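Chains as they are written, first to last, in our numbering: chain A, 105 to 316; chain B, 105 to 316. Positions of the beta carbon are idealized from the N, C-alpha and C atoms, including for glycine. All figures in this text were calculated on a predicted structure; none of them were measured in a lab.
Number of protein chains: 2
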Amino acid sequence: MDAEPKNTGGKIEPWGDITPDAARRLVNAAVHAFAERGYHATTTRDIAGRAGMSPAALYIHYKTKEELLYQISKVGHERALKIVERARDSEGTPAERLADAVRSFVRWHAEHHMTARVVQYELGALAEEHHAEVIAVRKATDGAVRSIIEDGVKAGAFDVPDVRGATVAVLSLCIDVARWFNAQGRSTPDEVGDLYAGLVLRMVGAGGQDRP
Amino acid sequence: MDAEPKNTGGKIEPWGDITPDAARRLVNAAVHAFAERGYHATTTRDIAGRAGMSPAALYIHYKTKEELLYQISKVGHERALKIVERARDSEGTPAERLADAVRSFVRWHAEHHMTARVVQYELGALAEEHHAEVIAVRKATDGAVRSIIEDGVKAGAFDVPDVRGATVAVLSLCIDVARWFNAQGRSTPDEVGDLYAGLVLRMVGAGGQDRP
DNA sequence: ACGGAGGGTGAGCAAGCGCTTAGAGGTGCC
DNA sequence: GGCACCTCTAAGCGCTTGCTCACCCTCCGT
């Protein structure tokens with residue numbers, strides 16, 4: 105019904121800060137189309153149609169279809185990185201910081217699962233230089249999670265024989281939420297975040313102490 | 105009894121039982137192309153070229169491009185299901201059966217990560233009836249894993265407050281191996297399988313399976 | 001009142017897409 | 001040899017794709 109994003113707080117619609125209005129509508133349309141059908145299966149006519157304009161109007165705001173994907177992928181990756189960096193730099197024990205990182209990272213992937221699906225699973229369609237740029241952000245995300253786990257191992261709070269492998273597993277588990285999460289499903293983003301935080305603490309051998 | 109494909113040569117080829125030779129070459133070419141670029145980004149000319157024949161030759165063995173994907177997706181899903189069903193029906197404690205399921209499931213996804221990537225991430229491109237068929241196999245896989253976890257909970261060997269959620273998480277973790285695994289990486293399929301079996305046992309609270 | 005600017009449109013182009021067709025070559029059976 | 005059969009190719013058809021272009025609106029400072 106109401107396809108217009110109200111954008112008072114920017115909480116529900118993650119692209120509320122884009123101007124002009126038509127450009128924001130295009131990004132929202134592209135996110136939904138890319139998430140549902142994939143980048144290569146969606147046409148510029150489909151994106152423009154969802155945004156309520158003619159195919160040619162797309163090119164007033166974006167040079168190519170790939171530039172739309174790049175905008176979504178870049179901003180999305182930076183938001184995801186900030187989430188784990190904030191958890192890494194916060195006060196608290198390694199277990200608290202890891203649980204915080206997983207909880208908020210997963211919550212973001214569930215709440216914005218359309219955006220996250222494009223961010224995490226369509227980056228292969230990016231042009232080479234854009235792809236390299238995004239890969240650098242992903243490596244930073246991996247490094248942030250790994251440093252939390254390393255802190256826990258050094259402090260004797262975690263039991264992790266293979267830190268690299270555990271980091272890959274934890275991130276993989278969280279990222280994949282974007283693939284299977286369904287807004288009409290039985291779990292809310294908060295519930296999945298809490299569940300996953302507990303599962304990850306067990307994976308790193310930090311369970312049993314601070315949990316009743 | 106041997107569910108594994110015939111291994112005529114020294115190398116493990118997951119599609120060795122397809123005849124004639126040209127059809128097998130087409131499936132192999134399609135698997136590599138779909139895995140690298142995605143279904144919608146690969147052309148029939150690309151597939152035929154990789155198989156060493158002209159574009160028209162594809163249509164002697166397969167009616168459409170989608171039928172190729174369907175063949176790959178269907179057979180792949182059935183193989184993955186058989187792996188977890190065998191573990192579910194084997195003798196042993198729930199912890200041993202869950203570890204077995206995860207180890208062999210993950211090993212398959214790593215060893216055949218090209219095929220598995222197509223199987224797990226390109227099913228959205230299937231025609232509706234083929235998609236429904238494949239979804240049914242996925243539900244069976246989910247049910248098999250869940251029944252192992254339920255057995256463990258009933259036996260008091262696992263500590264899992266949310267069986268459905270844990271099942272989704274375990275399967276998601278294992279499936280996503282196909283996305284990130286790289287044959288040139290530092291881990292072998294066996295190593296990843298062992299690592300993941302241990303991680304999953306911790307996730308379900310069966311960490312002390314060695315000690316009573 | 002009016003000219004310029006920028007957001008928007010209908011029509012359409014060149015290229016590439018999935019797929020088809022007419023026919024060539026090899027092989028085995030009578 | 002004659003014929004049917006199977007595999008494969010060169011050429012190309014009809015259509016869709018990403019993208020462009022000439023032109024039309026509305027708004028706005030002077």
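> B:S291 touches chain A at which residues, Cβ-Cβ below 8 Å?
Replying inline: G269
> Mind checking A:I122: buried by the 16 CB within 10 Å criterion, or exposed?
Replying inline: buried
>> Among the candidates B:G228, B:S194, B:R306, B:I187, whose CA atom is the shortest distance from the CA of B:H213?
In response: B:I187
> Between B:C278, B:G247, B:W284, B:L277, which lies nearest to B:V267 when the distance is taken from Cα to Cα?
Replying inline: Nearest of B:C278, B:G247, B:W284, B:L277 to B:V267, Cα basis: B:G247.
> If you measure from the beta carbon of A:S251 to each beta carbon in chain B, is any gap under 8 Å?
Replying inline: no
>> Assuming contact is defined by CB atoms lying nearer than 8 Å, are B:A220 and B:A133 in contact in what I supplied?
In response: no
>> With H, G and I counted as helix, E and B as strand and the rest as coil, what does DSSP make of B:Y143?
In response: Reduced to three states, the DSSP call for B:Y143 is coil.
> Closer than 8 Å, CB to CB, is A:L202 near chain B or not?
Replying inline: no
>> Quick check on B:G113 - is its C-beta less than 8 Å from some C-beta in chain A?
In response: Note that B:G113 has pLDDT 40, beneath the 50 cutoff, so the model's placement of it is unreliable and the number below is only indicative. It does not; no Cβ of chain A falls within 8 Å.
> From which residue to which residue does the alpha helix (DSSP H) around A:A248 run?
Replying inline: 232-258
> In chain B, which residues lie with their C-beta within 7 Å of the C-beta of A:M307?
Replying inline: L303, R306, M307
> If you measure from the beta carbon of B:D280 to each beta carbon in chain A, is any gap under 8 Å?
Replying inline: yes
> A:D125 to A:R190, Cα distance in whole Å?
Replying inline: 31 Å
> Can B:R154 and B:H136 be called in contact, C-beta distance under 8 Å?
Replying inline: yes
> Which residues in chain A sit within 8 Å of B:L277, going by Cβ to Cβ distance?
Replying inline: What B:L277 touches in chain A: A273, S276, L277, D280.
>> Please confirm whether A:A220 has its beta-carbon closer than 8 Å to some beta-carbon of chain B.
In response: no
>> At the level of alpha carbons, what is the spacing between B:T197 and B:G256?
In response: 8 Å
>> Can you give me the C-alpha to C-alpha distance between B:L130 and B:A231, rounded to a whole angstrom?
In response: Going by the C-alpha atoms only, they are around 20 Å apart.
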